[in-house]
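Here is the structure we will look at.
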Amino acid sequence: MYDRLPSEPLVDDVIIPSEAPKSPILPNEDVLFLQDLEDVPQGRHLGLFSTIVLFVARMVGSGIFATSSGIFQDSGRSPFWFFMAWIVAALLSFAGLYVYLELGSLVPRSGGTKPFLEFIYNRPKMMVSVVFSMFSVMFGVTISNILVFGEYFCYSVGINPTDFSIRLSGLLFLFLATTIHGISVSHGIRVQNILGALKLGLLAAMIITGVYAVFVPSSISHIDSNLHWDTFFKVPGTFTASSFSSAVIRATFAFSGWNTVHTVSNEIKDPVRTFKIAGPASLIIVSITYLWTNLAYLVVIPENELVSTGRLAGSLLFEKLFGVNVGRRLLTFSIAMSAGGNVFVVLYTISRVNQEVFREGYLPLSRFFASNWPFGSPFRSLLLSCVLSTSVIALSPKGDVYNYVVALEQYPQQLFIAMAAIGVFILRHRYPDVRAPIRSTRIGALLIVLVAGYLLITPFTSKSPNPKGLEQWPSYALVAIICLSIPFFYWLVMFHIGPKAGGYTLMSEEMQLSDGLTIKNWVKIYR
């Protein structure tokens, strides 16, 4: 029989079960959890369809339309290595998904990666919690999808997509999404579901487009295939391990989102069953869509045009197949709405992550940003993300900001995902009698660790791993490490240097806000 672990000043109490906690939330009361289920004032309002929409909408945003050109360039314009980058990214996503499904079935808390790593790595005290939490707030932005929305929206309505018009259009949509999500949780979910349903329609159109481009004879489609077997397996001289690493990182960005839906676990009905169905189903849908879309790119668009088109590859594909009116305007506008739907989903998940971070109480203004007042939603956390995103977009210099941000966002994510995968082995060793309702394979978890290690190391093997044209910018890997070091030193000062120098111990106590949400308050107890 397991008992409650001894209370410690800087570590939350953890319940290790010998029996399942009886909860009216779950119909299956035989499920074992390593932490108690927790409800939030918003309640559990996300069913199976809404969760699938969250998965798909979070994954399919700007990536497949805006990164394929860069991935093809990083692959040395080799079709074989281009598809290898996508295949590696898909395999990593499936392996990572099951790692997160296993951890989520044992630690059913909102926050995604944060509660998983906190539970696994509780030594040194509070280090992982503070570092990951502060990093999440610092990078709690939705820049890439805003830029893609702005560019595709301008292109579809006939506005010249200048740097200014792209950023302005994207920011106006960001303000709209923030307002809707902040004022009403239910209305935000409705808009999110509508855009998600439209996105499912776009996915179907993309699959049909791919099949049409590949299988319909050129005598009917009037398209000469640009994909030839004699050059499919070519190994270009410009192809390096570092460039392939960059290609894989960009491809994983197109799949990114499979690891974020756990940020709203507390709002999902019957989370174990829902995640078990929604996760794999969503990833299969997205993988099939990406396969046919990338085939269509290589068949329809000439090599030089694909490389030079940049983020507008999706629009160029549809325009070549369906003409200006249907292709450039209607379907390009649909892509803009797809990116817009991703903005809604990202804002939704970021606000929940930020709220969970501020509930821990160790950051300045935690009480203010954690509150659900006045609309019963994390409006203040939404505003924080909106302000940070606006600042980056408005203040960043001209250049290929999109691809740089993609690499910068994905680099530290590889570290956290690898730590989560290692955590699967740690928990199985630590609690051998507890079997997770959803389990990942050992090979899959090990694959995550090995590939993530490769992606973390290879950027330092070249003179500049940055996207083409930004070689003079600081290395995205170096910038990411610097960003991770800031929270580390904050933790060091707050929980070690400060208490030792001031002669006090930090203790956490729970307090309830007027909206019913509980947060932690850190109190100094002088010795």
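Going left to right, the sequence shown walks through residues 0 to 526 as numbering that gives the first Met the number 0 numbers them. From the three backbone atoms N, C-alpha and C, an ideal C-beta is built for every residue, glycine too.
Three-state secondary structure assigned by DSSP to residue i
i, result
"E508", "strand"
"T288", "helix"
"Y503", "strand"
"I158", "coil"
"L194", "helix"
"P8", "Note that P8 has pLDDT 39, beneath the 50 cutoff, so the model's placement of it is unreliable and the number below is only indicative. Coil, per DSSP."
"E28", "For E28, the predicted structure reports a pLDDT of 45, less than 50, and the residue's modelled location is therefore unreliable. The matter cannot be settled from this model."
"Y1", "Residue confidence is low: Y1 scores 37 on pLDDT, short of 50, so the model does not pin down where it sits. Its coordinate-derived value is still stated next. Here Y1 sits in coil by DSSP."
"N371", "coil"
Range covered by the alpha helix (DSSP H) that runs through residue i
i, result
"V127", "126-137"
"S92", "78-105"
"D73", "67-73"
"L47", "47-58"
"F115", "112-119"
"S109", "No alpha helix (DSSP H) holds S109; DSSP gives it neither H nor E."
"S390", "378-394"
Segment limits, beta strand (DSSP E) that includes residue i
i, result
"T517", "517-525"
Option in the options with minimal Cα separation from residue i
i, options, result
"H221", "R43, G322, V492, N144", "G322"
"Y475", "V400, L100, F48, T348", "V400"
"Q412", "P363, A335, A451, S388", "A451"
"F494", "K275, A89, S128", "S128"
"Q191", "I442, F487, L516, T50", "T50"
"N371", "S245, G497, S183, Q471", "S183"
"F54", "A295, N520, R166, V263", "V263"
"C385", "A212, H180, L483", "H180"
"F79", "C153, L290, V98", "L290"
"F332", "Y151, I86, V59, F254", "Y151"
"D538", "Q471, A369, L414, E508", "Residue 538 falls outside the range modelled here, since the chain spans only 0 to 526, and no answer is possible."
"G340", "A204, Q72, V59, L282", "V59"
"V492", "M125, Y430, R108", "M125"
"L197", "I496, A335, K499", "A335"
"R43", "S224, W490, R108, A444", "R108"
"F163", "I63, S395, G195", "S395"
"I248", "P301, Y410, T460, L426", "Y410"
"F374", "K519, W521, T178", "T178"
"L407", "N465, S388, S380, V106", "N465"
"E470", "D229, N402, L170", "N402"
CB-CB length for residue i against residue j, believed under 8 Å
i, j, result
"A250", "I70", "6 Å"
"N353", "L383", "6 Å"
"F82", "N303", "At roughly 19 Å, the Cβ-Cβ gap does not stay under 8 Å, so F82 and N303 are not in contact."
"L297", "L201", "That pair is no contact at about 20 Å."
"P436", "V306", "The Cβ separation is near 46 Å, so there is no contact."
"T112", "A419", "6 Å"
"S218", "V405", "Wrong, their Cβ atoms sit about 40 Å apart, outside the cutoff."
"Y154", "L311", "6 Å"
"F131", "L116", "6 Å"
"K319", "I300", "7 Å"
"F532", "S77", "The chain is shown from 0 up to 526; residue 532 falls before or after that span and cannot be answered."
"S244", "Y453", "7 Å"
"A56", "V285", "That pair is no contact at about 10 Å."
"L455", "L414", "6 Å"
"S388", "V140", "4 Å"
"I518", "R358", "5 Å"
"W257", "G95", "7 Å"
Open item on the list: Which runs of the alpha helix (DSSP H) at least 4 residues long sit entirely within the stretch 202-252? Give them in chain order.
Closed with: 217-220
- [ ] Would you mind listing the alpha helix (DSSP H) stretches within the stretch 296-368 that are 4+ residues and don't spill past its ends, in chain order?
- [x] 302-308, 312-322, 331-358
Open item on the list: Report the start-end ranges of each alpha helix (DSSP H) in the stretch 417-494 that is 4 residues or longer and not cut off at the edges.
Closed with: 441-456, 475-491
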